[in-house]
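Residue numbers (my numbering): 1 to 177. Glycine included, every Cβ here is placed at the ideal spot set by N, Cα and C.
And the structure:
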């Protein structure tokens, strides 16, 4: 469940260590650890804001001031952003898709750890996550991909309970009895 209204504080160094330990428990075929995470806060959010504006401006010289302002403010939706990066490599037994899925699992573990520590978080992508200029400005290598910007902070309100699942609709026995 995503929590979008976030404020300071974000996790401290000790809490981040726990969050990243949880991420490292993801399934990892081949023990490649095809993920890495960058924590961005403080001045880093200002720099990321400029990266976003520059990337968007380079593709559309006539971008509306409203869209430009919205883009500029994106990094400030939370006191911390964790960039989830899939660091894929050519491997004879572990295809790129499995490496991307492993990174997604590590990111989900990270989100669960945030919630377990009473922080809110939301996983965002959008066109800037896939933008070549953003990847280049952040120093990603050719085989690396941003799979998400994880906004993290203290929830403005209470963390809502998870919705009740209709387990009969999503789990079944196969073959059917």
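Proximity below 8 Å, CB of residue 150 to CB of residue 123
Yes. Within cutoff.
Is the beta carbon of residue 7 within less than 7 Å of some heavy atom of the ligand MG?
In terms of ligand content, the structure shown is empty, and the ligand MG therefore cannot be addressed.
Whole-angstrom Cβ separation of residue 23 and residue 106, contact assumed at under 8 Å?
About 4 Å; that satisfies the 8 Å criterion.
Can we say the region 51-61 touches the region 13-21, given the rule of at least three CB pairs closer than 8 Å?
Segments in contact, no.
Close beta carbons around residue 178, own chain, < 6 Å, minus the five adjacent residues each side:
Limits of the chain in this structure are 1 at one end and 177 at the other, which puts residue 178 out of reach.
Specify whether the region 131-138 and the region 62-76 touch according to this definition: at least 3 beta carbon pairs, one from each stretch, less than 8 Å apart.
Result no; under three Cβ-Cβ pairs closer than 8 Å.
Own chain partners of residue 4 with C-beta closer than 6 Å, once the 5 adjacent residues on each side are dropped:
Taking residue 4 as the centre and dropping the five residues before and after it, the same chain places the C-beta of 122 closer than 6 Å to its C-beta, in chain order.
Taking the DSSP output, what are the residues bridged to residue 155?
Beta-bridge analysis with DSSP links residue 155 to 6.
Look at the alpha carbon of residue 50 and the alpha carbon of residue 72, and state the distance between them as a whole number of angstroms.
Their backbone Cα atoms lie some 7 Å apart in a straight line.
Where DSSP assigns a beta bridge to residue 123, which residues make up the other side?
DSSP links residue 123 through a beta bridge to 150.
If residue 102 sits next to residue 34, beta carbons under 8 Å apart, how far is it from one beta carbon to the other, in whole angstroms?
The distance from the Cβ of residue 102 to that of residue 34 is about 5 Å, consistent with a contact at the 8 Å cut-off.
Euclidean distance between Cα positions of residue 161 and residue 1:
Near 9 Å, if we compare the C-alpha coordinates of residue 1 and residue 161.
By how many angstroms is the C-alpha of residue 117 removed from the C-alpha of residue 44?
Using only the alpha carbons, I get a separation of about 23 Å.
Assuming residue 96 is part of the alpha helix (DSSP H), what are its boundary residues?
Run containing residue 96: 96-116, per the alpha helix (DSSP H) assignment.
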